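Q:
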Amino acid sequence: MWCANTVKNMNRHTEDNSRFNEPDGMGATAKVQAGLAARYRKERRFRLFGLAAIAASLLFLVVLLGSIVAKGYTAFWQTQILLDIHFDPAVLDVNNLATANYAALVREATLRLFPQAASRQDQRALAKLVSTGVAYQVQEIVTSKPELIGSIIPIWVVADDEVDMFVKGYIPREVPENERRISDKQAAWIDQLAAAERLRQGFNATFFQAGDSREPELAGIRGAAMGSLFTLAVTLTLSFPIGVAAAVYLEEFAPKNRWTDLVEVNINNLAAIPSIVFGLLGLAVFLDFMHLPRSASLVGGLVLTLMTLPTVIIASRASLKSVPPSIREAALGIGASQVQTIVHHVLPLAMPGMMTGAIIGMARALGETAPLLMIGMVAFIVDIPHSFSDPATALPVQIYLWADSPERAFVERTSAAIMVLLLLLLAMNAAAVLLRNKFERRW
Amino acid sequence: MNEALCPLTDGAAMSSSLLIALILLLSSLAYWLGCRRAVALAQRPSAARLHSRPGYYGVLAGVWCGLPALLIVAVWHLAADPLLTRMAMNGVAAAKGVVSPDQVDLLVNDMRNLVAGNVVMHEVDPLIQAAADQYIGLQRLSDLALATVALATALAGVSLFLGRIRPALRARNQVERIVKIVLTLCSTFAVFVTVGIVLSVLFESIRFFQQISPADFLFGLKWSPQMAIRADQAGSSGSFGAIPVLAGTFLISGIAMAIAVPLGLMSAIYLSEYASSRFRAVVKPLLEILAGVPTVVYGFFAALVVAPAIRNLGGLAGLPVASESALAAGLVMGIMIIPFVSSLSDDVINAVPQSLRDGSYGLGATKSETIKLVILPAALPGIVGSILLAVSRAIGETMIVVMAAGLAANLTFNPLQAVTTVTVQIVTLLVGDQEFDSPKTLAAFALGMLLFAVTLALNVAALYVVRKYREEYE
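Right under this line is the structure:
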């Protein structure tokens, strides 16, 4: 249709051209010349628009990544305070290690640093400088080395998240005292600690080793990462074999009929359905009908399998298509059966492409959040999951949960978790590209 | 799968996965036995040649061993739990004289909690406790019976098959037939998933429409799904008019498309018509990074960077901007969709044959004139198709709007105000504890059906446009 129009246009141009040669009036060449400057201007403007569009898109990318890195890179360090903890034999003895009042030991150690803090209010403010998790840290130390009881040991302990934010400069000093979470007195103490070299920025190992927590300084992504790992394991073990099998059937065996058409239309449609609808399916079928455990990575994996299967099938089919028919004909020609041809010759040649597709599908599954919200993987889970049926969250869900938390320190951690997630995705995509470049064959 | 089918104690889950592992072990043993038996047959002095290679006999032996046993396990798990529950609850229902199925459900739940060892709030009814004990006993019995039956089937299968191995047995053909059946089954999954989606959404929607009339849902102008918990509560009557929600969805999608279509299309045009191949090789993957960023990241970006920026800008300009304005969510969603539009349009523009460009240049047209008058018209169906797909993507996008758009269903087209979308409502209605019967929960499924229908229609329309108006160049 458009082609026809174009031809019509061309015809009109030809007529114009024939008129160009007529000698009367202003010459056609002159007419063209007269409009040329304006047309070139238009051309340059159009080109500029294109460049501007690309520049704007890339600018968005830079702002997006830049703002996340700028907000998040500080989360990999954590403020620590050097406390001289007295493993007081009056509080501790070998028999009550599990129940002793470790918080009191920590409080005493902070008090010893600032003996001038006499009033109850001051003491409470002082105790707030260190994290509540420190008591458990101390307990661990004593439990592993009971012989320390009675001695005074200097230990670097994690500071409270507000102190951390203050030291990192997120809580500005200029703000009036009643509008910030750190009082002037606490600020002065922090300055004294810094002057006495009792304050340092240490690597935030907690972030990689702990599960979720209400206290930002104790929260980590380990639990979410394990949840993601279990979920992806389920997704990969189900979607790769099923996807490859479906692709092989559709590409190599399927007769051309209505049923096959229906299957193909369905696969293409599933690839374009919003992910949250898969979540609804998971909720209604896996949880409500089949009574699978809520919040389990098993169910998450099943839902993501349904979601990634179309991707895997489409990639696998493309990869099978790229294997030239001559390979099949050669194998069939020397007497291999169809199944043998496929298993011995076509599949090995198509495998790199299929694996690339699977990796890209997994990367998408790793970043997916919405369907997991539907099946209850959004709960607050402190424990690190150890099996497929344990309650779990996934990395993107953890990001969503932290993004909703009001504490200032969680902003930093959310951004850091995003950086980890993006790095994982980048690694997966790089692996896919490498795989493709290494094994891609042009026939 | 199996441990999941049985939602009860860890012990049961353990035993069934152990059973499956045992069956798989047995069938690999059967594979080895089958191979050996075939080789032994072939090595007999008087024997004919084997029809197939020994491995095929092995595979067949493994299938005979594993398949029936695994089927029995699957069916058993599907059937056992309801049966056991009924057997255990028989006494309770009779003793309590309850008739309504809801009450029975309640009692069954109590019993399940007891069985699973959950903390039960109220005092334990001795009848229920007895039922729970009976259930545990029955379950142990059932597990034991299942293990015996399944393992016996596996052994019977393999011994039966080993006896039937002859050199003339067409093992390869049988294996290939099984392979083909498995492949065919795998390929039908897409149909099952679609049917599953339609059915699951449809059933709940029907239950919803039994309580709320479809006309009220589709044309109602007020959306406030909070139902009154007590009858005397004021202000939360629960009205389910979807129009404000739909309007919000289209507003945000519209803003997104207003950003994504010009930027995406112009990028695609520049990349395919103007850019040098080196520029293209660098920029195209960079643009595609935008598509690979998880939506939750965009949501965070929208809520923490874009929304405050827009609010501050609005403050400077003296405009009242809601903190969860539609503009912020739409803008970020537009950024997300740029690569989607650009890569699809890029493909379409590249598919326009060079001869059309050459013809146009030959007539003295500039590059931009060629693009505007020749290439774009020729590529239009594909571009329209890609835009339709992008719209369907924008409508179904969840995380950005959940994190950056509002919850209140305002019927407005002012992009500076907060609006809500279909996906936001689904998430807020379904996340957290919910009862499965209240219209509030069911409304989420009705919205889900709406979402499914709209995106499906858009996808089909995109496909239709592309197919119907596509130019075939040779």
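Going down the list, the sequences are from chains A and B. Heads up: the first sequence begins at 1 in my numbering, then just goes up one per residue. Heads up: the second sequence begins at 1001 in my numbering, then just goes up one per residue. We put the CB at the ideal spot given by N, CA and C, even for glycine. Keep in mind it's a predicted model, so treat the numbers as computed, not measured.
#1: From what residue to what residue does the beta strand (DSSP E) around A:Asp288 run?
#2: Ignore the nearest five residues each way along the sequence and tell me which others in B:Ala1408's own chain have a CB closer than 7 Å to its CB.
#3: Report the rounded CA-to-CA distance for B:Gly1241 versus B:Ile1252, giving the unit in angstroms.
#4: Do you know how far the Cα of B:Ser1323 is from the Cα of B:Gly1315?
#5: Taking Cβ positions only, does A:Phe207 come closer than 7 Å to chain B?
#6: Taking C-beta pairs closer than 7 Å, name the residues in chain B that A:Glu43 reaches, listed in chain order.
#7: Between A:Ala210 and A:Lys71, what straight-line distance do the alpha-carbon atoms span, to the nearest angstrom?
#8: With 7 Å as the threshold, decide whether the Cβ of B:Ile1165 is near any Cβ in chain A.
#9: For a contact meaning CB atoms closer than 7 Å, what does B:Ser1323 contact in chain A?
#10: What does DSSP give as the partner residue(s) for B:Phe1240 in the beta ladder?
#11: Does the beta-carbon distance from A:Ser297 to A:Phe388 come in below 7 Å?
#12: Whose Cβ in chain A lies nearer than 7 Å to the Cβ of B:Tyr1274?
#13: In angstroms with no decimal places, state the Cα-to-Cα distance between A:Gln33 and B:Glu1273.
#14: On a Cα-Cα basis, can you pick out the residue from A:Glu368, A:Gly376, A:Phe439 and A:Ile375 that is closest to A:Ile418?
#15: List the residues of chain B that A:Pro396 touches, going by C-beta distances under 9 Å, in chain order.
#16: Is there contact between the segment 281-301 of chain A and the segment 378-393 of chain A, where contact requires at least three CB pairs shorter than 8 Å?
#17: Roughly how many angstroms separate the alpha carbons of A:Val323 and A:Ala358, rounded to a whole number?
#18: Take B:Met1399 and list the residues in its own chain whose beta-carbon comes closer than 6 Å to its own, dropping the five residues that flank it on each side.
#19: According to DSSP, is B:Leu1019 part of a helix, a strand, or is it coil?
#20: Is B:Ser1478 close to chain A, meaning its C-beta is less than 7 Å from at least one C-beta of that chain?
#21: Return the residue from the list A:Glu252, A:Leu366 and A:Ser337 that minimises the CA-CA distance to A:Gly227.
#22: Taking the alpha carbon of A:Met377 as the point to measure from, which residue in A:Tyr400, A:Ala330 and A:Thr356 has its own alpha carbon closest?
#23: Can you check DSSP and say which residues form a bridge with A:Phe203?
#24: If we cut at 7 Å on Cβ distances, does A:Ser239 have a partner in chain B?
#25: I believe B:Leu1033 touches B:Leu1162 by the beta-carbon criterion, under 8 Å. Please report the beta-carbon distance rounded to the nearest angstrom.
#26: Got a sec: which bits of the segment 1056-1081 of chain B sit with their beta carbon under 7 Å from any beta carbon on chain A, in order along the chain?
#27: Just mark A:Leu92 as buried or exposed, buried being the case when its beta carbon has 16 or more other beta carbons within 10 Å.
#28: With DSSP as the reference, label A:Ala431 as helix, strand or coil.
#29: Do the segment 407-422 of chain A and the segment 249-259 of chain A touch if we need at least three Cβ pairs shorter than 8 Å?
#30: What ranges does the beta strand (DSSP E) occupy inside the segment 41-118 of chain A, keeping only unbroken runs of at least 3 residues that lie completely in it?
#31: Since B:Val1332 and B:Val1306 are thought to touch, with beta carbons under 8 Å apart, how far apart are those beta carbons, to the nearest angstrom?
#32: Look up A:Trp156 in the DSSP assignment and give the residues it is bridged to.
#33: Whose Cβ in chain A lies nearer than 8 Å to the Cβ of B:Arg1207?
#34: Closer than 6 Å by C-beta to A:Val94: which residues in its own chain qualify, once you throw out the five before and the five after it? Chain order, please.
#35: Note down, in chain order, each residue of its chain lying with its Cβ closer than 8 Å to the Cβ of B:Leu1458, except the 5 sequence neighbours on either side.
#36: How many Å lie between B:Ala1326 and B:Val1341 at the Cα?
A: From the atom records:
#1: Here residue 288 of chain A is taken as the residue at index 288 of the first sequence, counted from 1. In the DSSP assignment, A:Asp288 falls outside any beta strand (DSSP E), carrying neither H nor E.
#2: Here residue 1408 of chain B refers to the residue found at position 408 of the second sequence. Around B:Ala1408: Ala1418 and Thr1420.
#3: By one-based count along the second sequence, residue 1241 of chain B stands at place 241. By one-based count along the second sequence, residue 1252 of chain B stands at place 252. Each residue's alpha carbon lies about 19 Å from the other.
#4: Residue mapping note: residue 1315 of chain B aligns to position 315 of the second sequence, counting from 1. Residue mapping note: residue 1323 of chain B aligns to position 323 of the second sequence, counting from 1. Our two residues, B:Gly1315 and B:Ser1323, have alpha carbons roughly 11 Å apart in a direct line.
#5: In the first sequence, the residue the question calls residue 207 of chain A occupies position 207. It does not; no Cβ of chain B falls within 7 Å.
#6: On the first sequence, residue 43 of chain A is found 43 positions in, with the first residue counted as 1. The answer, in chain order, is Thr1366, Lys1367 and Ser1368.
#7: The sequence position of residue 210 of chain A within the first sequence is 210, counting from 1. The sequence position of residue 71 of chain A within the first sequence is 71, counting from 1. Taking the CA atoms as reference points, A:Ala210 sits about 21 Å from A:Lys71.
#8: Taking the first residue of the second sequence as position 1, residue 1165 of chain B is located at position 165. False, the Cβ-Cβ gap to chain A never drops below 7 Å.
#9: Mapped onto the second sequence, residue 1323 of chain B falls at position 323. Residues of chain A with a Cβ closer than 7 Å to the Cβ of B:Ser1323 do not exist, since the nearest Cβ in that chain sits about 14 Å away.
#10: As a position in the second sequence, residue 1240 of chain B is number 240, starting the count at 1. B:Phe1240 pairs with B:Trp1223.
#11: As a working note, residue 297 of chain A is residue 297 in the first sequence. As a working note, residue 388 of chain A is residue 388 in the first sequence. It is a contact, given that the beta carbons lie within the stated cut-off.
#12: For the purposes of this step, residue 1274 of chain B is identified with residue 274 of the second sequence, where counting begins at 1. Simply Arg47 and Gly50.
#13: Working through the first sequence from its first residue, we reach residue 33 of chain A at position 33. Working through the second sequence from its first residue, we reach residue 1273 of chain B at position 273. Distance between the alpha carbons of A:Gln33 and B:Glu1273: 25 Å.
#14: Along the first sequence, read from residue 1 onward, the residue named residue 418 of chain A stands at position 418. For A:Ile418, the closest alpha carbon among the candidates A:Glu368, A:Gly376, A:Phe439 and A:Ile375 is that of A:Glu368.
#15: Here residue 396 of chain A corresponds to residue number 396 of the first sequence, with the count starting at 1. Contact of A:Pro396 with chain B by beta-carbon distance below 9 Å involves Pro1294, Thr1295, Val1296, Val1297 and Met1399.
#16: Three or more pairs of CB atoms, one per stretch, sit closer than 8 Å, so the segment 281-301 of chain A contacts the segment 378-393 of chain A.
#17: What you label residue 323 of chain A is simply residue 323 of the first sequence in a count that begins at 1. What you label residue 358 of chain A is simply residue 358 of the first sequence in a count that begins at 1. Roughly 18 Å separates the two Cα atoms.
#18: As a working note, residue 1399 of chain B is residue 399 in the second sequence. Thr1295, Val1296 and Gly1299.
#19: Residue mapping note: residue 1019 of chain B aligns to position 19 of the second sequence, counting from 1. Assigned with DSSP and collapsed to three states, B:Leu1019 falls in helix.
#20: Since the first residue of chain B shown is 1001 and the last is 1474, residue 1478 of chain B is not available in this structure.
#21: Against the first sequence, residue 227 of chain A aligns to sequence position 227. For A:Gly227, the nearest C-alpha among the options comes from A:Leu366.
#22: Position 377 of the first sequence, counted from the first residue, corresponds to residue 377 of chain A. Per the Cα distances, A:Tyr400.
#23: Position 203 of the first sequence, counting from 1, holds the residue named residue 203 of chain A. DSSP lists A:Trp77 as partners of A:Phe203.
#24: The residue labelled residue 239 of chain A in the question sits at position 239 within the first sequence. Judged by the 7 Å Cβ criterion, A:Ser239 is not in contact with chain B.
#25: Here the question's residue 1033 of chain B lines up with position 33 in the second sequence. Here the question's residue 1162 of chain B lines up with position 162 in the second sequence. Indeed they touch by this definition, with Cβ atoms about 6 Å apart.
#26: Correct list: empty, as no residue qualifies.
#27: Position 92 of the first sequence, counted from the first residue, corresponds to residue 92 of chain A. It is buried - the Cβ of A:Leu92 has at least 16 other Cβ atoms within 10 Å.
#28: By one-based count along the first sequence, residue 431 of chain A stands at place 431. Note: A:Ala431 maps to helix in three-state DSSP.
#29: No, the segment 407-422 of chain A does not touch the segment 249-259 of chain A.
#30: Complete beta strand (DSSP E) runs here, min 3: 77-86.
#31: Taking the second sequence and counting its residues from 1, one reaches residue 1332 of chain B at position 332. Taking the second sequence and counting its residues from 1, one reaches residue 1306 of chain B at position 306. Contact flag correct, Cβ pair sits at about 6 Å.
#32: To locate residue 156 of chain A, count along the first sequence from 1; it is residue 156. The partner list for A:Trp156 (beta bridge, DSSP) reads A:Leu82.
#33: Walking along the second sequence from the start, residue 1207 of chain B turns up at place 207. Contact of B:Arg1207 with chain A by beta-carbon distance below 8 Å is absent, the smallest such distance being about 11 Å.
#34: The residue labelled residue 94 of chain A in the question sits at position 94 within the first sequence. Correct list, in chain order: Pro146.
#35: The sequence position of residue 1458 of chain B within the second sequence is 458, counting from 1. Shown here for B:Leu1458: same chain residues with a beta carbon closer than 8 Å to its own, the five before and five after excluded, namely Leu1388, Leu1389, Val1391, Ser1392 and Ile1395 in chain order.
#36: Translated into positions along the second sequence, residue 1326 of chain B becomes position 326. Translated into positions along the second sequence, residue 1341 of chain B becomes position 341. Taking the straight line from one Cα to the other gives about 21 Å.
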